[in-house]
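Below is one structure; the comments refer to it alone.
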Amino acid sequence: MQKTDQKAADQRVELYRNAQSQRVAGPIGIGLTFVGLKSLLGSLEATIGTVSGQIHAQLTNLLSTANGLAAQWDRRLKNRLTETIDQLNALERRIVEDTESFIRMSQETIRLVEAGAIEAARVAAGEADIVAYNTTTLLVRKKEPRFVYPTPLVFRIGLEEPVVAIRGNFLGFRPYNLKIGRNATELTPLGFSSNQVTVRIPDSYLETITTPTTIDLSAEPWSRKKRLLWWGYKYEKMPTQTVLVSANPRVDYTLDVSITPLASVPTFHTFTYNFYESDENCNANRRVDRLYPLPLGWEIAMCSPRLRLLSTRQTAALV
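Be aware that the sequence shown starts at 235, since it is given in the numbering used here, and climbs by one per residue.
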């Protein structure tokens, strides 16, 4: 049944491509966004095959969410691919706009993976996953929270503030504590929002870390289900969810420092010149002035006809 549905979706995409290629003018239908989404699914599958480790797991989750987004299109918009966005209602426009954002963010994720920027790719993949998941749950009465990724992914003790933000979906319906490590020590978060819960790892825990360590942070966040008619919401605690953060130990080191003082050593220079002039009046008084440009750092030494270099910070002078 699933293969049949996938084949039907592919046929609709191909029909839309053919219809668009035959159009000479006019507004572009929303099917172009659907074509981009289907193309992206193939690109994500190809990229997953080139990586391993945590980024592989994260891209696999992203692909799963993207398939859910494609299924949302298939349920809501499969027969309206030639319509323009202004012909849709508010909910349908939200689906199209979120899909376009998801495509851009996922393409950036693939680019970062190809460039070898794995940590940046994990962040980009996480944000794209959050957008797509929000879109797939627009019509769902029960909003189930989930952890997607922590930031920072890696930090060094003593160099950075040990504050971790866990990004995800529907994280702020009600307050809850987190647990850290094998002893499950409870931590009170610094704050909640719909897409983030922030917590500070205590110094007492970090002081025990002497080698690179993976820290697990877990919690049981609350879900929210809309009751029928005007009866409000029902809240339930969900199963435990966990994210992993890498902590590098504090680096302590000793520096051997030596100080060599700078001494001012006088340098002397005598200016000499020859003056030749004849006059019949042998008793005449004569005055001869000469201008000497002094290089930077030179000045006239007190009580001495000589010049002495005191500092290279002095300005030039004329004698």
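Glycine residues also receive a C-beta, built at the ideal position from the N, C-alpha and C atoms. Remember, it's a predicted structure, so these values are computed and weren't measured experimentally.
Item, Value
"Please name the residue, chosen from 289, 403, 392 and 400, that lies closest to residue 438 on a Cα-to-Cα basis.", "392"
"With a threshold of 6 Å on Cβ separation, who are the neighbours of residue 390 within its own chain once the five nearest residues in sequence on each side are excluded?", "482"
"To the nearest whole angstrom, what separates the beta carbons of residue 358 and residue 343, a pair I think is in contact under 8 Å?", "4 Å"
"Just confirm the distance between the C-beta atoms of residue 429 and residue 401, as a whole number of angstroms; I'd bet it's less than 8 Å.", "6 Å"
"Here's a check: name, in chain order, each residue in its chain whose Cβ is nearer than 7 Å to the Cβ of residue 443, leaving out the five neighbours to either side.", "391, 481 and 483"
"Residue 463: which of 375, 456 and 413 sits nearest, CA to CA?", "375"
"Between residue 233 and the rest of its own chain, which residues show a CB-CB distance below 7 Å, the 5 nearest in sequence each way excluded?", "Outside the displayed span of the chain (235 to 553) sits residue 233, for which this structure offers no information."
"How long is the line joining the alpha carbons of residue 276 and residue 489, rounded to whole angstroms?", "54 Å"
"Note down the Cα distance separating residue 425 from residue 406, rounded to an integer number of angstroms.", "9 Å"
"Nearest to residue 337 by CA position, among 321, 296, 308 and 350, is which residue?", "296"
"Give me, in chain order, the residues of the same chain whose beta-carbon lies closer than 8 Å to that of residue 335; leave out the 5 immediate sequence neighbours on both sides.", "365"
"Using DSSP with H/G/I as helix, E/B as strand and the rest coil, what is residue 420?", "strand"
"How many angstroms separate the CA atom of residue 280 from the CA atom of residue 292?", "14 Å"
"Which residue spans inside the segment 383 to 465 form an unbroken beta strand (DSSP E) run of at least 3?", "388 to 390, 397 to 403, 412 to 414, 419 to 421, 425 to 427, 430 to 434, 447 to 453 and 456 to 460"
"Taking just the CA atoms, how far does residue 455 sit from residue 420?", "14 Å"
"Would you kindly work out how many angstroms separate the C-alpha atoms of residue 474 and residue 492, rounded to a whole number?", "56 Å"
"Only counting the same chain, and skipping five residues up and downstream in sequence, which positions put a Cβ closer than 6 Å to that of residue 404?", "377 and 379"
"Would you report the Cα separation of residue 547 and residue 448, rounded to the nearest angstrom?", "Caution applies to residue 547, whose pLDDT of 43 falls short of 50 and renders its modelled position unreliable; the model cannot decide the point."
"Taking 7 Å as the limit between beta carbons, can you name the residues of its chain near residue 477, skipping five residues before and five after?", "381, 383, 384, 400 and 451"
"Based on the DSSP output, what are the partners of residue 481 in its beta bridges?", "389 and 447"
"Does residue 312 come out as helix, strand or coil in the three-state DSSP assignment?", "coil"
"Jot down the residue ranges of each uninterrupted alpha helix (DSSP H) in the segment 262 to 340, minimum 4 residues, whole runs only, in chain order.", "265 to 282 and 288 to 310"
"How far does the beta strand (DSSP E) with residue 469 in it extend, from its first residue to its last?", "467 to 471"
"DSSP three-state call for residue 343: helix, strand or coil?", "helix"
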